[in-house]
Each structure stands twice: as structure tokens, then as C-alpha cells.
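*Asks:*
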Amino acid sequence: MQNSLGLTIKIFQFSFIILLITVSISATNAQAFEVEISENSLVCSFDGGIHEFDNVYAFRASRSTEILVKEILEYVGLAQNFKIYRGTVSNAFAYIENGERFVIYSQNWVDSLLIQTGNEWSTIGVLVHEIGHHLLGHTLDYKVGHTNKENEADEWVGYLLHRMGANLEQAQRAVKLLYLSNNQTSDKYKTKIERLKAIEKGFLKSLEEENRKKNIDIKALSSSKKKIGNQIYEVAIIDSMFWMVENLNYEINNSWCYDLDPEYCKKYGRLYMWESAKQACIEVGWRLPTKQEVEGMAERFGYTDQDYGKLAFEMLKEGGIGNFNGKFGGQVIPSLQGEYRSSRGVGEWGEYWTGVERNDKSAYTYLLMNKNGSFSHVSEPKSITASCRCVKAIEKE
Numbered sequence: 057m058q059n060s061l062g063l064t065i066k067i068f069q070f071s072f073i074i075l076l077i078t079v080s081i082s083a084t085n086a087q088a089f090e091v092e093i094s095e096n097s098l099v100c101s102f103d104g105g106i107h108e109f110d111n112v113y114a115f116r117a118s119r120s121t122e123i124l125v126k127e128i129l130e131y132v133g134l135a136q137n138f139k140i141y142r143g144t145v146s147n148a149f150a151y152i153e154n155g156e157r158f159v160i161y162s163q164n165w166v167d168s169l170l171i172q173t174g175n176e177w178s179t180i181g182v183l184v185h186e187i188g189h190h191l192l193g194h195t196l197d198y199k200v201g202h203t204n205k206e207n208e209a210d211e212w213v214g215y216l217l218h219r220m221g222a223n224l225e226q227a228q229r230a231v232k233l234l235y236l237s238n239n240q241t242s243d244k245y246k247t248k249i250e251r252l253k254a255i256e257k258g259f260l261k262s263l264e265e266e267n268r269k270k271n272i273d274i275k276a277l278s279s280s281k282k283k284i285g286n287q288i289y290e291v292a293i294i295d296s297m298f299w300m301v302e303n304l305n306y307e308i309n310n311s312w313c314y315d316l317d318p319e320y321c322k323k324y325g326r327l328y329m330w331e332s333a334k335q336a337c338i339e340v341g342w343r344l345p346t347k348q349e350v351e352g353m354a355e356r357f358g359y360t361d362q363d364y365g366k367l368a369f370e371m372l373k374e375g376g377i378g379n380f381n382g383k384f385g386g387q388v389i390p391s392l393q394g395e396y397r398s399s400r401g402v403g404e405w406g407e408y409w410t411g412v413e414r415n416d417k418s419a420y421t422y423l424l425m426n427k428n429g430s431f432s433h434v435s436e437p438k439s440i441t442a443s444c445r446c447v448k449a450i451e452k453e
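Read in the numbering used here, the sequence shown has 210 at position 154, and its numbers run on one by one without any break.
(1) Using 8 Å as the Cβ pair cut-off and three pairs as the minimum, do the segment 438-453 and the segment 373-388 touch?
(2) On the three-pair Cβ rule with 8 Å, is the segment 306-317 touching the segment 404-417?
(3) Please state the DSSP three-state secondary structure of C100.
(4) Please state if the CB of W405 and the CB of A419 are separated by a distance shorter than 8 Å.
(5) How long is the line joining the alpha carbons of S48 and E266, rounded to whole angstroms?
(6) Determine, using beta carbons only, whether L277 and A292 come nearer to each other than 8 Å.
(7) Quick check: the Cα distance between F380 and A368, rounded to an integer number of angstroms?
(8) List the endpoints of the continuous beta strand (DSSP E) containing Q287.
(9) Could you say if the segment 117-130 and the segment 90-103 meet the contact criterion of at least three C-beta pairs nearer than 8 Å?
(10) From the DSSP secondary-structure annotation, give me the bridge partner or partners of S2.
(11) What are the start and end residues of each continuous beta strand (DSSP E) run of 3 or more residues lying completely inside the segment 359-419, in chain order?
(12) Output yes or no for whether 8 Å exceeds the beta carbon distance between R219 and Y359.
(13) Going by DSSP in three states, M220 sits in which element: helix, strand or coil?
(14) Sort I140, D317, K232 by Cα distance to A148 and report the nearest one.
(15) Among residues of its own chain, excluding the 5 on either side of K257, which ones have a beta-carbon nearer than 6 Å to its beta-carbon?
(16) Which same chain residues, not among the five before or five after E23, have their C-beta less than 7 Å away from its C-beta?
(17) By the DSSP assignment, the alpha helix (DSSP H) with V350 in it spans what residues?
(18) When the Cα atoms are used, what is the spatial distance from E355 to L98?
(19) Just to confirm my understanding: we take Q335, look at its own chain, exclude 5 residues before and 5 after, and list those with CB closer than 7 Å. What are they?
(20) Taking 7 Å as the cut-off, is the C-beta of R251 nearer than that to any heavy atom in the ligand SAH?
(21) By the three-class DSSP mapping on this structure, what secondary structure does V340 have?
(22) For E90, does the three-state DSSP call read helix, strand or coil?
(23) Using a Cβ-Cβ cut-off of 6 Å (strictly less than) and excluding sequence neighbours within five positions of N223, which residues of its own chain qualify?
(24) For Q87, count neighbouring Cβ atoms within 10 angstroms of its own Cβ and tell me buried if that reaches 16, exposed if not.
(25) Could you tell me which residues DSSP pairs with S311 in its beta bridges?
(26) Going by C-alpha to C-alpha distance, which of D295, S435, C313, M329 sits closest to K322?
(27) For K334, which of helix, strand or coil comes out of DSSP?
(28) For P345, which residues from the same chain have a beta carbon less than 7 Å from its beta carbon, with the 5 sequence-adjacent residues on both sides left out?
(29) Rounded to the nearest angstrom, how far is the Cβ of G143 from that of I123, given a contact under 8 Å?
(30) Going by beta carbon distance, what residues of the same chain come within less than 6 Å of I294, once the five residues before and after it are set aside?
(31) Under 8 Å, do L252 and T173 count as touching if we go by C-beta distance?
(32) State the CB to CB distance for the pair V230 and L170, rounded to an integer number of angstroms; the pair is presumed to be in contact (CB under 8 Å).
(33) Please determine, among N111, N164, G188, the residue with the shortest C-alpha to C-alpha distance to N137.
(34) Could you tell me which residues DSSP pairs with K257 in its beta bridges?
(35) Reducing DSSP to helix, strand and coil, say where K139 ends up.
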């Protein structure tokens, strides 16, 4: 069933691509008119380059583009304040001529994006970026904060494409394919990485708004001090459970400090094999959380597969506004004999055990990755080491 569905999707996408190319070829025979884009025009190009506009001819936008523009405007509830054309240009442009606003795009360039990506989100992102300049009221004046306007348009792409149903990778797809031209001037245009960050910022803003509309409580946790074992830890209440919001630092067999340095234990807690983590929580009168409890906790902080757990990461990381203070404690690598061998990853990731086995040799964890800012649910061999946060039902207190 899954294979036949995948084949159906691929056939549909291929047919859609052929349809667009057919429309593009037949449309070149439509009535054309010359477009004046003068030296005094205020212009933004999607690729960030400086372009000449000699003998530019335009055609009416394709029917599919007109429908898409209408859909975009319905999402934002704004009236159309621009005209849009296909034309003999190199990529896609928003421009203002004599106070009138326009978008002009190359159908061949748009078709090539569609062919390279295999789906339409890249082309939608380009269109949303250029339309965004007009709906946001940008002057497109290079001399007055143009870089900030580009930033806003890219944020707009992330924001609106999330509303339209794209995931983060799809929203960033066009920029990921983009190679900025050689005559790019760094003082006027963002780098590719900066553009991706701007799209991500808009995407997360939309996601957070959506979560709040769903009444997901993503406010900061209120923590208090509690004695666990022979130490005092910060704890918070999540879904009628006490959760440690510090890493456990309880010495037991098959647990180590990073680099065998006690100072690391003070900051990051100990790193435990699964059986040791489970036993350590039991010995202090608590337990490891279940996989379901971790998933519920993450959803409380806005976790969704759609954004690769990026909002949850921002809430749960150390210093994040959720006050969960997830630390990137890394990992100790034991030898085959169960002795300390080496350490790696401090500051790069924080991985935490759950009490649920996947099978005889592995168990589920939750993972905060600092490099790409993501939160995920994974499984690991029980013989690796990870950090530990214990939980306890309030009614048992």
C-alpha cells in the first residue's frame, strides 16, 4: 500500500511538472508587451544579484500562478496591491516603477526549480518572497535599509509557508538551491545561511502562534528545590509529575563524569549506562520517565515533527525560555570491559534516558542537538552512556 501510494505521488508530481512546462511553452506564443524597468526603478531580485533590464518583455501570468496568488492573499487577508507577469528575466523580481508595484518572474527558471526539487514548495516560496515585499509595504530602496527588507521578506516566507502546510525544509528549499551570483555585494545582500535563518525565524513564529491557538501551554516552568538522595535539585511540575530540571549526579556502577573530572559532574551530572540510570533513579526514590511521558512533555513545549523539534529545542535547552535547562553533557565511551575509555560531545548534544526498552539491547532516549537546534526521540544501545533526569508522581510525595 505504501509503495503504491508513493508511486502515485511521483506520477502526479511528474505529470504536474510536464503540465507546467507545456503551459510555459504554449504561453510564449501569447501576446507580449515591453516592460520598462528603468534605472530609477526600485528592484529586488530573488537571487540577490544586480541585473540589467534591457528589452524585457512580459506576458500575462499563467493561470496556475494567478490561482496561487489568490490563495496567498486569502491566507493573509490582504488585497492585491501589485501586478504580476511572466517575463524575459533571469529569475524573479519585485519592483516599483512610477509608484506602481509589480512582480515579474521567469517561467523557465521557476520550472527548473520545480524539476530540481520535485515539488512545488520551492516555487511557492519564491513567489511569496517577492509578493511579501509589496504586502509588507517595502520601498525596495537599496540605499535605505534594503538588507533589513530582504530579511523581513525571508521571514515572511517561513511564516506563510508554515501556514500553508510546508515543513521547514520545504520552506527553505529554494534558498538551499540558490547560488548567489559572482557580482554579489556583501554589504547589500544576506548570505545564504543568513537567509535560511530568517526563514526559520518566521517559520517558528508561525508555529508558536499555532500552538498557542491550540491552547498548548508553553510558558516557562516554575521550579523549586527538592532533596533527592543526598543532594538538592531543581524540580518542576509537568503533567502532574515532578521532573528534575537538573541532571542527576548520583554515583553508581557504570556511571562516570565526563573526562573523569568531578567539575563536569557538578555542571552536567553523571553519564550512565541504561541499567545504571534506571537503578540510580530507583535508589533515590524516583524513576526514569516513560517514552510517553517524554513525548507529552515535549508536546507541552511545542514539539512537532514538522519543524524537526526546533521550537521544543529552543524551549528545553539550557537558558531556554522553558526553564527546563537541558544541558549538552555529551557522552562517555566505555570499553568492552565496561571501563572508562574516552569522552566526547560536551557542549554539542545532551541525550537522556527513558525507562522504556526498545528490545533486549536498546532503549529509548530523547536528544537535544546543539548544532542544528533540534529535539528528537531516538533509541540507543543500552551500553552507551547518557544523562539522566528522574520523575516522580506528585501523589506519591
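For glycine and all other residues, C-beta sits at the position ideal for the given N, C-alpha and C. From a predicted model like this one, the values you see are computed outputs, not experimental measurements.
*Replies:* On the basis of the data shown:
(1) yes
(2) no
(3) strand
(4) no
(5) The structure shown does not extend to residue 48, since the chain is modelled only from 57 through 453, so no value can be given for it.
(6) yes
(7) 10 Å
(8) 287-294
(9) no
(10) As shown, the chain starts at 57 and ends at 453. That puts residue 2 outside it, with no answer to give.
(11) 387-390, 396-400, 405-413
(12) no
(13) helix
(14) I140
(15) E211
(16) Outside the shown range of the chain (57 to 453) lies residue 23, about which nothing can therefore be said.
(17) 347-356
(18) 45 Å
(19) I308
(20) Summarising the ligand content, the structure contains no ligands, and the ligand SAH is consequently not present.
(21) coil
(22) strand
(23) Q362
(24) exposed
(25) Y328
(26) C313
(27) helix
(28) T410, G411, V447
(29) Actually they are not in contact, since the Cβ atoms of G143 and I123 sit about 19 Å apart, beyond 8 Å.
(30) M353
(31) no
(32) The amino acid occupying residue 230 in the given sequence is Ala; Val does not appear at that position. Wrong, their Cβ atoms sit about 10 Å apart, outside the cutoff.
(33) G188
(34) Per DSSP, none; premise fails for K257.
(35) strand
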